[in-house]
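There are 4 protein chains.
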Amino acid sequence: MIKAGIIGATGYAGGELVRLLLGHKNVEIKWYGSRSYIDKKYADVYQNMFQIVEDTCLDDNMEALADQVDVIFTATPQGFCASMVNEEILSKAKIIDLSADFRIKDVKTYEKWYKIQHKSPQFLGEAVYGLCEINREQVKKARLVANPGCYTTCSILTCYPLVKEGIIDPDTLIIDAKSGTSGAGRGAKIDNLFCEVNENMKAYGVASHRHTPEIEEQLGYAAGKELVLNFTPHLVPMNRGILATAYASLAKDVDYDTVKAVYDKYYEKEKFVRVLEKDQYPQTKWVEGSNYVDINFKIDPRTKRIIMMGAIDNLVKGAAGQAVQNMNLMFGEEETEGLNLVPMFP
Amino acid sequence: MIKAGIIGATGYAGGELVRLLLGHKNVEIKWYGSRSYIDKKYADVYQNMFQIVEDTCLDDNMEALADQVDVIFTATPQGFCASMVNEEILSKAKIIDLSADFRIKDVKTYEKWYKIQHKSPQFLGEAVYGLCEINREQVKKARLVANPGCYTTCSILTCYPLVKEGIIDPDTLIIDAKSGTSGAGRGAKIDNLFCEVNENMKAYGVASHRHTPEIEEQLGYAAGKELVLNFTPHLVPMNRGILATAYASLAKDVDYDTVKAVYDKYYEKEKFVRVLEKDQYPQTKWVEGSNYVDINFKIDPRTKRIIMMGAIDNLVKGAAGQAVQNMNLMFGEEETEGLNLVPMFP
Amino acid sequence: MIKAGIIGATGYAGGELVRLLLGHKNVEIKWYGSRSYIDKKYADVYQNMFQIVEDTCLDDNMEALADQVDVIFTATPQGFCASMVNEEILSKAKIIDLSADFRIKDVKTYEKWYKIQHKSPQFLGEAVYGLCEINREQVKKARLVANPGCYTTCSILTCYPLVKEGIIDPDTLIIDAKSGTSGAGRGAKIDNLFCEVNENMKAYGVASHRHTPEIEEQLGYAAGKELVLNFTPHLVPMNRGILATAYASLAKDVDYDTVKAVYDKYYEKEKFVRVLEKDQYPQTKWVEGSNYVDINFKIDPRTKRIIMMGAIDNLVKGAAGQAVQNMNLMFGEEETEGLNLVPMFP
Amino acid sequence: MIKAGIIGATGYAGGELVRLLLGHKNVEIKWYGSRSYIDKKYADVYQNMFQIVEDTCLDDNMEALADQVDVIFTATPQGFCASMVNEEILSKAKIIDLSADFRIKDVKTYEKWYKIQHKSPQFLGEAVYGLCEINREQVKKARLVANPGCYTTCSILTCYPLVKEGIIDPDTLIIDAKSGTSGAGRGAKIDNLFCEVNENMKAYGVASHRHTPEIEEQLGYAAGKELVLNFTPHLVPMNRGILATAYASLAKDVDYDTVKAVYDKYYEKEKFVRVLEKDQYPQTKWVEGSNYVDINFKIDPRTKRIIMMGAIDNLVKGAAGQAVQNMNLMFGEEETEGLNLVPMFP
């Protein structure tokens with residue numbers, strides 16, 4: 001039995017992590033950390049957990065937690081994990097950080113986009129970027145995993161094979177992404193009120209969203225060179241789901257079968273990546289509640305561009321599900337354990 | 001391994017049944033019946049099932065099906081099951097009928113409210129009304145189970161203990177119910193288009209909805225006498241969920257603790273019925289995707305009435321989940337097998 | 001030109017008032033009061049007003065305001081208007097109070113349900129309850145109008161004729177009401193976040209909602225005696241709209257035509273009340289954006305009850321529209337001026 | 001008084017046209033044409049019109065209609081208007097065609113993208129593309145106006161000034177557009193059911209949507225050369241609203257002020273085009289129910305691209321509102337008459 005602790009268990013990603021871990025046969029949650037709700041019953045914060053979780057919320061003392069568990073999940077604001085982690089903690093427990101603290105290798109890039117000082121740059125080298133389909137072997141050996149962002153997971157997996165194989169010109173990449181509102185978190189803000197979001201749609205963080213350098217870094221590794229791209233997130237009136245529509249100029253004269261073969265080369269054996277059949281475009285509802293990424297593409301011979309599309313549930317593959325997948329790899333569990341979730345429709 | 005066949009596998013209830021049975025460790029689905037989509041891949045109808053279900057849709061030949069499976073689920077329009085079932089089929093396979101054909105014992109009542117002739121009244125006596133929490137022992141022995149309606153499941157379980165124990169005057173019962181739109185089915189009708197339902201709310205079937213006699217019959221058994229009541233369904237702009245708000249005059253001068261004790265008497269040991277803590281009223285989102293019924297009540301000393309509230313996921317406890325629960329009882333499985341679903345929030 | 005000032009112009013009701021007054025040919029808004037946004041451009045708070053409203057938000061100094069305008073609208077929290085109003089202000093400007101301060105004649109009832117002390121009970125006698133269809137003549141002469149609540153407007157107008165004419169037994173009245181989320185206001189609360197409201201439904205304020213005594217008082221006048229009733233509000237995932245479903249036992253043996261004639265007696269000449277055709281039940285979408293109340297009923301001969309249904313846009317007839325209607329009456333304008341709004345569908 | 005006839009009055013665009021024309025002081029609707037609902041009361045099809053419109057639906061006989069009205073609006077499927085129009089009709093009544101029949105000058109392009117034969121190519125030369133802000137003077141003199149598509153209106157107005165002034169390289173244009181579901185029409189299709197659209201998002205018509213050549217033709221005029229671009233529409237779970245996010249490489253080294261000045265040059269005097277303040281990005285809710293187009297942009301110095309964003313209400317500026325604006329121009333009315341609609345929020 002893997003003993004798990006969660007810091008930030010009452011955010012939406014934290015809540016989803018609880019839901020998934022409760023369905024994992026070899027995990028026991030020992031610590032529901034929530035600075036905002038200390039001493040309150042967890043099921044009073046998330047009433048869906050009534051009679052399922054009897055625990056009370058605890059604080060975010062990572063040192064105490066490391067003594068009691070095998071794995072610590074931090075579903076916390078940027079800066080928290082970096083400010084707490086140290087060698088002693090890492091010697092006792094593995095950490096899966098759902099924040100951005102260890103996703104970006106270059107501390108200056110991190111500090112520029114996040115506008116905070118990084119408190120533990122010494123662990124940046126060790127931290128593994130936990131996109132399982134790409135870094136599976138490194139994740140298995142990691143003590144500290146940086147769980148990728150929601151937009152980035154969807155964007156990277158959608159474009160990765162075509163960048164890696166040189167099918168597209170990476171300097172032409174434009175990613176237009178759309179997200180359900182749970183991605184904005186559970187903070188009480190006017191902008192996220194029902195009446196402000198419902199029957200509405202907008203772009204935000206245009207040319208400045210923090211997931212941009214993360215996507216650039218990872219796709220840069222695939223391209224074998226640094227790259228810059230456009231990434232524009234949009235807020236959509238739905239709870240869950242991210243859809244990424246990516247555009248790039250073709251670097252070669254390719255047809256459907258060639259591109260399909262490239263995607264298959266990377267994903268055919270991947271349980272959680274489904275390259276759809278021709279002309280079936282991803283829909284967020286088809287992956288809701290599950291760890292799947294649905295991907296497809298369309299070549300436009302008129303403009304010599306390719307349109308790549310990917311869909312995930314932002315709270316599962318974009319956060320908690322991927323965290324569990326990483327945990328499974330780190331602890332030698334079956335990679336899919338706890339994640340055999342059939343998407344819920346409608 | 002229980003071999004299961006579904007007739008009507010491409011409606012919303014049928015699709016949910018597939019989702020749940022795929023998570024049941026002792027069931028194998030052998031037959032995806034769908035008159036509308038014969039020979040089409042099931043995953044082409046429900047793309048969430050891509051790479052999960054490889055089967056093709058078959059017809060609705062119940063006789064052929066009975067030779068191949070242990071249990072037949074009929075998620076079909078009213079009249080279908082009654083027109084097909086016969087002794088030979090029942091001798092080979094158990095049937096769980098998600099339609100209304102065998103829910104109402106009095107054939108005249110059925111024919112009056114449903115406006116069709118009943119083709120197999122000879123099985124009405126044998127059929128067991130599959131509300132597990134109330135008829136558990138009979139379900140275990142049944143060959144033919146009438147799976148309750150969605151509104152009725154929610155309404156009956158919400159009121160049952162107080163009717164049974166004479167806390168309320170059953171002749172004063174008024175049930176005001178609200179349902180998500182999946183209850184209206186997957187038929188292509190203008191009334192169910194997104195733009196007609198979204199940002200809208202209405203009552204329908206006022207004083208004439210077919211679930212009325214079903215609720216009356218079952219609560220009549222509890223009351224020990226015939227009763228008539230008001231039941232008004234409403235359509236709500238959400239996919240899933242039923243909320244029933246029931247009103248009745250108190251037959252006795254009771255306080256919170258007395259009423260709570262009555263609910264606990266019936267439900268304390270029931271896994272799927274959660275009587276909430278004082279002043280926590282049910283919310284449909286807290287049970288979404290799960291087999292739970294959340295219930296609570298409030299006494300109004302000013303009017304000497306009690307307000308009872310219940311919430312379910314109409315596709316789970318209101319249809320497919322309850323069908324699986326019935327199947328588990330009929331086949332000696334753990335009652336909760338395949339139903340340990342944590343509600344998804346948000 | 002009527003000069004108008006609004007205190008509380010940045011709440012949802014205040015914003016709707018601005019929208020409606022901008023379309024009124026004889027009104028000029030001179031004061032956009034908003035304690036939260038003083039000195040901020042109004043159009044920066046409500047960007048739909050960009051290039052339409054150039055004004056900046058002012059404070060809530062009612063004395064200063066009274067010197068500059070003919071009418072003051074207070075779309076403010078309970079207690080504000082009562083704490084500010086005085087004889088001098090009323091001698092200079094008429095007041096239409098959208099809060100509850102002057103709706104309830106009995107100060108003890110007000111203080112019991114609202115749990116605050118009433119600061120100006122001396123004006124309770126003078127204040128007119130501004131339900132135009134019922135108190136039209138008094139409104140015309142009023143200096144101080146208590147604009148009715150959203151739930152109450154819908155509930156009272158739906159039941160009024162049948163109570164007044166003794167068709168129903170008022171002691172059996174049960175009102176089950178459903179509201180869009182704009183009724184909860186623009187405050188930043190977790191409960192009103194998109195992800196908490198969307199795909200969800202719940203009752204709240206059960207047997208304790210503050211609109212209860214207001215409905216009881218007004219229907220009590222119609223009945224000619226005091227009455228208590230049950231009123232249960234529910235939160236629905238839509239922006240606008242209230243649907244009230246009311247139940248009562250018939251006091252007489254009546255048929256459809258008789259009841260229809262009673263409704264027509266009161267509403268046939270009312271522009272804003274539409275009694276629908278037989279078996280057409282109100283839908284909130286059919287009145288969205290307009291000042292209409294859509295009403296219908298269904299007799300249930302089985303239970304000898306009648307089900308009455310009414311729908312309004314909570315921000316228009318339930319708040320700002322009714323306030324404008326009151327203003328028109330108070331200032332001798334055409335009652336419908338500024339309110340000839342065709343409902344928007346879809 | 002302008003006498004108006006509508007063919008296709010019961011589609012969503014037709015219904016919106018009725019709503020707007022009812023608010024126009026110099027228009028009288030004489031003909032509510034609807035092949036599907038002949039002889040049915042219009043208000044029985046759109047119950048929001050109860051007691052507002054008393055007319056009954058008529059057929060689509062354009063010749064008979066031309067004898068009775070001054071202007072004919074055709075809100076009909078592609079091919080209808082082209083199959084009916086002739087010189088005699090045009091000599092009696094002006095036509096504003098909301099379908100695509102006369103939008104594209106090159107008949108081969110039309111037939112290739114729409115896959116139907118054009119029945120009246122002889123009128124293509126005469127027809128004026130009714131994007132008022134760009135073709136105002138020609139519209140004033142036109143007998144036959146091709147009312148632009150919803151996506152195209154939003155896309156063209158968003159990009160036009162920068163293409164026209166050579167600020168961007170038009171060959172790099174990529175338009176990622178998102179639309180509410182009313183754009184899909186009122187046909188009874190499974191894909192447009194509430195449960196299929198709600199909590200879901202998808203791209204469709206990728207690299208093949210029919211609005212593509214229309215955008216290309218119009219922006220080609222602005223660029224002074226033929227161009228091809230990528231246009232990808234997406235379906236969003238909301239009733240109304242289109243958001244277009246457009247990407248292009250800068251052709252010059254420009255800063256914010258330069259680009260703002262270019263937009264202002266074209267739109268400063270345009271009532272219905274609002275170029276927002278710096279860093280305020282368009283939201284569909286801010287224009288809902290109105291004829292506004294909200295536009296803004298962001299320069300990304302990292303990628304040397306510019307992101308242009310535009311929002312409209314697809315049924316107003318994207319259809320019925322623009323049709324009324326065209327009518328006003330054609331009949332010498334004030335251009336804004338009937339269109340002084342304040343956006344409704346929330």
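Residue numbers (full-length UniProt numbering), protein chains in the order written: chain A, 1 to 346; chain B, 1 to 346; chain C, 1 to 346; chain D, 1 to 346.
Every residue gets a Cβ at the ideal spot worked out from N, C-alpha and C, and that includes glycine.
Proximal residues of chain C, C-beta to C-beta of residue i below 8 Å
i        : result
Lys196/D : Residue identity differs from the one stated: residue 196/D is Glu in this sequence, not Lys. Those within 8 Å of Glu196/D in chain C number zero; the least Cβ separation is about 15 Å.
Ala188/A : Ala188, Lys189, Ile190, Leu193
C-alpha gap between residue i and residue j, whole angstroms
i        : j        : result
Ile6/D   : Asp67/D  : 14 Å
Trp286/C : Tyr204/B : 15 Å
Gln218/B : Tyr110/B : 14 Å
Met84/B  : Glu333/B : 27 Å
Thr74/D  : Gly8/D   : 6 Å
Asp169/B : Ser34/A  : 46 Å
Asn340/B : Gly149/C : 44 Å
Leu22/D  : Tyr292/A : 50 Å
Gly338/B : Val316/B : 12 Å
Val145/A : Tyr114/A : 19 Å
Gly310/C : Phe297/C : 9 Å
Gly183/B : Leu229/C : 31 Å
Asn328/D : Phe231/A : 41 Å
Amino acids of chain B, ordered along the chain, whose beta-carbon sits closer than 8 Å to that of residue i
i        : result
Glu126/C : Near Glu126/C there are no residues of chain B at all, since even the closest Cβ is about 29 Å away, more than 8 Å.
Asp283/C : Checking the displayed sequence, the identity of residue 283/C turns out to be Gln instead of Asp. Correct list: Asn200, Met201, Lys202.
Nearest-angstrom Cβ-Cβ length linking residue i and residue j, presumed shorter than 8 Å
i        : j        : result
Met308/C : Leu162/C : 7 Å
Ala320/C : Leu20/C  : 5 Å
Leu276/D : Ile295/D : 7 Å
Val27/A  : Asn326/A : Between Asn326/A and Val27/A the Cβ distance is about 13 Å, and since that is not below 8 Å, they are no contact.
Val197/C : Leu235/C : 7 Å
Lys30/B  : Ala4/B   : 7 Å
Met238/C : Pro237/B : 6 Å
Proximal residues of chain C, C-beta to C-beta of residue i below 9 Å
i        : result
Leu276/D : Gln47, Phe50
Bridge-paired residues (DSSP) for residue i
i        : result
Trp31/A  : Gly5/A
Leu144/A : Ile95/A
Thr284/D : Its beta-bridge partners do not exist; DSSP assigns none.
Thr56/D  : Lys41/D
Met309/A : Thr245/A, Asn296/A
Phe231/A : Ile175/A
Lys202/D : Gln283/A, Leu235/D
Amino acids of chain A, ordered along the chain, whose beta-carbon sits closer than 9 Å to that of residue i
i        : result
Ser182/B : Pro346
Under 9 Å from the C-beta of residue i: neighbouring residues of chain D
i       : result
Tyr12/B : Cys195
Neighbouring residues, chain A, relative to residue i (Cβ below 8 Å)
i        : result
Asn239/C : Phe194, Cys195, Asn198, Glu199
Proximal chain D residues relative to residue i, where beta-carbon distance stays under 8 Å
i             : result
residue 404/C : Because chain C here runs from 1 to 346, residue 404/C falls outside it and cannot be looked at.
- Message: Quick test of the definition: if touching needs 3 or more C-beta pairs under 8 Å, does the segment 175-187 of chain C touch the segment 228-246 of chain C?
- Response: Three or more beta-carbon pairs drawn from the segment 175-187 of chain C and the segment 228-246 of chain C are found closer than 8 Å, and the two stretches are therefore classed as touching.
- Query: Would you say the segment 190-207 of chain D touches the segment 295-304 of chain A, given that touching needs at least three Cβ pairs under 8 Å?
  - Reply: Taking 8 Å as the limit for Cβ pairs, the verdict is that the segment 295-304 of chain A does touch the segment 190-207 of chain D.
- Kindly confirm or deny that the segment 185-205 of chain A and the segment 180-197 of chain C touch, where touching means at least three C-beta pairs closer than 8 Å. These segments touch.
- Task: Specify whether the segment 121-139 of chain A and the segment 41-56 of chain A touch according to this definition: at least 3 beta carbon pairs, one from each stretch, less than 8 Å apart.
- Result: Contact fails: fewer than three Cβ-Cβ distances are below 8 Å.
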